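Below: the structure, in structure tokens.
2 protein chains.
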Amino acid sequence: MTTEARRTLIEAAQELYATNGVAATTPREVLARSGVGQGSLYHHFPSKRDLAAAAVAQTVDDTLGSAAATLDGADAPQRRIADYLERPRAATAGCRVGRLTADPVVMGDETLRGEVSRYFTELIELVAQAFAEQGLDAAAARDRATTAVAVIQGGYVLSRALGDDAAMSSAVRGLLELMEPRTDWARGEEQA
Amino acid sequence: MTTEARRTLIEAAQELYATNGVAATTPREVLARSGVGQGSLYHHFPSKRDLAAAAVAQTVDDTLGSAAATLDGADAPQRRIADYLERPRAATAGCRVGRLTADPVVMGDETLRGEVSRYFTELIELVAQAFAEQGLDAAAARDRATTAVAVIQGGYVLSRALGDDAAMSSAVRGLLELMEPRTDWARGEEQA
Numbered sequence: 001m002t003t004e005a006r007r008t009l010i011e012a013a014q015e016l017y018a019t020n021g022v023a024a025t026t027p028r029e030v031l032a033r034s035g036v037g038q039g040s041l042y043h044h045f046p047s048k049r050d051l052a053a054a055a056v057a058q059t060v061d062d063t064l065g066s067a068a069a070t071l072d073g074a075d076a077p078q079r080r081i082a083d084y085l086e087r088p089r090a091a092t093a094g095c096r097v098g099r100l101t102a103d104p105v106v107m108g109d110e111t112l113r114g115e116v117s118r119y120f121t122e123l124i125e126l127v128a129q130a131f132a133e134q135g136l137d138a139a140a141a142r143d144r145a146t147t148a149v150a151v152i153q154g155g156y157v158l159s160r161a162l163g164d165d166a167a168m169s170s171a172v173r174g175l176l177e178l179m180e181p182r183t184d185w186a187r188g189e190e191q192a
Numbered sequence: 001m002t003t004e005a006r007r008t009l010i011e012a013a014q015e016l017y018a019t020n021g022v023a024a025t026t027p028r029e030v031l032a033r034s035g036v037g038q039g040s041l042y043h044h045f046p047s048k049r050d051l052a053a054a055a056v057a058q059t060v061d062d063t064l065g066s067a068a069a070t071l072d073g074a075d076a077p078q079r080r081i082a083d084y085l086e087r088p089r090a091a092t093a094g095c096r097v098g099r100l101t102a103d104p105v106v107m108g109d110e111t112l113r114g115e116v117s118r119y120f121t122e123l124i125e126l127v128a129q130a131f132a133e134q135g136l137d138a139a140a141a142r143d144r145a146t147t148a149v150a151v152i153q154g155g156y157v158l159s160r161a162l163g164d165d166a167a168m169s170s171a172v173r174g175l176l177e178l179m180e181p182r183t184d185w186a187r188g189e190e191q192a
């Protein structure tokens, strides 16, 4: 009945959701993977929904935390945005959060759906702040941040569809190439 | 046993797949929606897999045909690309093809997965041709086309996640804004 058991259960659920989704994951599978006793599962998470809420919230927190570590750094905003876009990703596996938008259990549950919405709202805000530091006004920074996050999410969809991580790299390269001249121009640097 | 019955069955399957996915759609539901007799279903489609292959291929053909009608037109390539990106879309419903990348039945079947792969391969090629007409070399045109298709697919994911079609519009606006100055610069026009 320890906090350790709770954390182990959540981690097991996170891993299973990443591979199979929430709808297709049973409490029995979470138990088997975690190695925790059945009594502990029902103590910490009286229902499958309680476990799903905790595990999805943890995945959102983990993923936002790692994005913030890249986007909130001390480097120039252009560098931080490029670092975020170019982060190594297991693209053909799909985004752990983005894929939940196709999970019927997640989309049919107000709490779970709220977590997915919180993820994208906060992620777009993080990226928009970096674009705003580059001198874009708030509305333009928000549009460009939505474009950047869409490129990553779309890159996952294309990589899964084509069975090839190269689709993500190509989508990111195309976006970075588009962002370059505008940044130089905005900085007032001479064009070659 | 007519071709008309076959078409009606395929249309019913396409509509059900668009709403519920392939995995969650039963032959019984397709029969009920189509109004066609059970004998006709089994005559045209001996297995659920045969029906899915025909319906997914038809959705890919329909969607590619409508993209080609916009992208292959007589207008300037910049205009055709913008028209394609700004096409009205029921964004919160998700892409009829893109969502299949999260469907376990589709991803577990070589033929169905091949149809999804064909869709994105041909769509990226269509968009890349328009960028190539703007003077980009083949590799750059391909990257930019992958970015553009990713923005649409990611726009669907964000709109579903946030329950708001505005996310798609914002992602598209951000991309169009990025494409503008580069196009002017590539044309050699003066900057204001």
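Chains B and P, in that order, give the protein sequences.
Position 129 (the first sequence) corresponds to 129 in full-length UniProt numbering; numbering is contiguous.
Position 32 (the second sequence) corresponds to 32 in full-length UniProt numbering; numbering is contiguous.
A virtual CB, placed ideally from N, CA and C, is assigned to each residue, including glycine.
Just so it is clear, the structure is predicted and the values come from calculations on it, not from any experiment.
With a cutoff of 8 Å on beta-carbon distance, Gly-174 of chain P and Thr-146 of chain B are scored as near each other. Among the CB atoms of chain B, one or more fall inside 8 Å of the CB of Ala-150 of chain P. For the UniProt domain "HTH tetR-type" (3-63) of chain B, residues whose beta-carbon sits nearer than 9 Å to a beta-carbon of chain P comprise Asn-20, Gly-21, Ala-24.
8 Å or more divides the Cβ of Pro-104 of chain P from the Cβ of Ala-52 of chain P. Contact annotation for Gly-73 of chain P against chain B: no contact, minimum CB-CB distance about 23 Å [criterion: below 7 Å]. Under the Cβ criterion of 8 Å, Glu-122 of chain P is not counted among the residues facing chain B.
Residue-level contact by beta carbon holds for Gly-163 of chain P and chain B, with a gap shorter than 8 Å. In this structure the stretch 118-136 of chain P touches the stretch 73-83 of chain P; the number of beta carbon pairs closer than 8 Å is three or more.
Boundaries of the alpha helix (DSSP H) harbouring Gln-38 of chain P: 38-44, taken from the DSSP string. At least one beta carbon of chain P lies nearer than 8 Å to the beta carbon of Val-157 of chain B. Along the stretch 131-143 of chain B, the positions whose C-beta sits under 8 Å from a C-beta of chain P are Ala-140, Arg-142, Asp-143, read in chain order. In the structure shown, Thr-25 of chain P adopts coil according to DSSP, grouped into three states. Interface with chain P (8 Å Cβ-Cβ cutoff): Glu-125 of chain B is excluded. Per DSSP, the continuous alpha helix (DSSP H) segment holding Arg-7 of chain P begins and ends at 3-20. Buried is the label assigned to Ser-34 of chain B, since at least 16 other Cβ atoms lie within 10 Å of its Cβ. Thr-101 of chain P is a Cβ neighbour of Arg-160 of chain B, given a cutoff of 8 Å. Per the coordinates, the alpha-carbon of Arg-49 of chain P lies some 42 Å from the alpha-carbon of Ser-40 of chain B.
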